[in-house]
Amino acid sequence: MQIAIIGTGNVGGALARAWARAGHRIFLGVRNLQDQKVLALTTGGAQITAHPPAEAVRDAETVLFAIPPTALRQVLDNLGDLEGKVLIDATNSVRTRAGEFASVADALRSWTKSTDVVKCFNTTGFNVMENPQFGEMTADMFMAGSSSHAKEIARQLARDAGFAECYDLGGDERIPLLESLAAIWIDLAMVQGQGRNIAFKLLKW
Ligand SMILES: NC(=O)c1ccc[n+]([C@@H]2O[C@H](COP(=O)([O-])OP(=O)(O)OC[C@H]3O[C@@H](n4cnc5c(N)ncnc54)[C@H](OP(=O)(O)O)[C@@H]3O)[C@@H](O)[C@H]2O)c1
147 MQIAIIGTGN VGGALARAWA RAGHRIFLGV RNLQDQKVLA LTTGGAQITA HPPAEAVRDA
207 ETVLFAIPPT ALRQVLDNLG DLEGKVLIDA TNSVRTRAGE FASVADALRS WTKSTDVVKC
267 FNTTGFNVME NPQFGEMTAD MFMAGSSSHA KEIARQLARD AGFAECYDLG GDERIPLLES
327 LAAIWIDLAM VQGQGRNIAF KLLKW
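The sequence shown begins at 147 in the working numbering and counts up one residue at a time.
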């Protein structure tokens, strides 16, 4: 799959590496092509390349947003038309927001022409996205959104990143659950002292 990643910090970098390992072609959309973390991501060969944002998304079928929500408006102003592309919101609106929207996914539906928006990859740390394996156990991922096509893509990409399963929490109206799950992860990791090496898993019998 041809994937553009907007925001190549902790989350964007981790998923770029994970998806490149799984054989996907990654186009990083960056502000500064000479940034050290961008250069580090692109030294591995032709699988990951860096471009100005509008160029990165041009041929991509899927675009991951891994930026601070407050940056979204400015980012979209420089991206061009996103119609027909699957947009994945990996952000958290726990501390900041995109305009008046409760999540970046809601803003993407309102501010772009894409009808395929999904929220995913926001409920665990970037370090877990690099390696979701916990001994014999493998972490799960969670997603929500009303586009079944976008959810199919997100589920595939979660598995390609090594997650055991990507559970569907429902349509757009269920997206607040994902923001809350992220807030619980952050609280456990940062406030309750559990540290970053934690992830959610659904246990069944
Ligand atoms: N950290 C985690 O474990 C984690 C887990 C799940 C979800 N999230 C969410 O994922 C998002 C990214 O988190 P992160 O930890 O990856 O952040 P980060 O390491 O600070 O990276 C943020 C990225 O966004 C880019 N950016 C910031 N402002 C921009 C603007 N105005 N225009 C274009 N690009 C801009 C930065 O570009 P420059 O390098 O050019 O500044 C950088 O590449 C946040 O919404 C966060 O809540 C984080």
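From the three backbone atoms N, C-alpha and C, an ideal C-beta is built for every residue, glycine too. Given the structure is predicted, the values throughout are model-derived calculations rather than measurements.
Asked, Found
"In angstroms, rounded to a whole number, what distance separates the CA positions of Thr-188 and Glu-276?", "16 Å"
"What's the C-alpha gap between Lys-297 and Tyr-313?", "10 Å"
"Look at the Cβ atom of His-197, then the Cβ atom of Leu-225, and state whether they are nearer than 8 Å.", "no"
"Taking contact to mean at least 3 C-beta pairs separated by less than 8 Å, is the segment 203 to 212 in contact with the segment 177 to 191?", "no"
"Our contact map puts Ala-168 next to Asp-306 with C-beta atoms below 8 Å; I'd like the distance itself, whole angstroms only.", "4 Å"
"Only counting runs of 4 or more residues, tell me where the alpha helix (DSSP H) segments fall wholly within the segment 288 to 349, in order along the chain.", "294 to 306, 321 to 332"
"What number of angstroms, rounded off, separates the C-alpha of Val-157 from the C-alpha of Ala-217?", "15 Å"
"Enumerate in chain order the residues of its own chain whose CB-to-CB distance from Ile-172 is below 7 Å, with the five nearest sequence positions on each side excluded.", "Ile-149, Ile-151, Ala-162, Trp-165, Ala-166, Gln-193, Ile-194"
"From which residue to which residue does the alpha helix (DSSP H) around Phe-195 run?", "What sits at residue 195 in the sequence shown is Thr, not Phe. Premise fails: Thr-195 lies in the beta strand (DSSP E), 194 to 197, not in any alpha helix (DSSP H)."
"Can you say whether Gly-271 is buried or exposed, counting buried as having 16 or more other CB atoms within 10 angstroms of its CB?", "buried"
"Suppose you measure from the CA of Thr-242 to the CA of Leu-324; what does that come to, to the nearest Å?", "15 Å"
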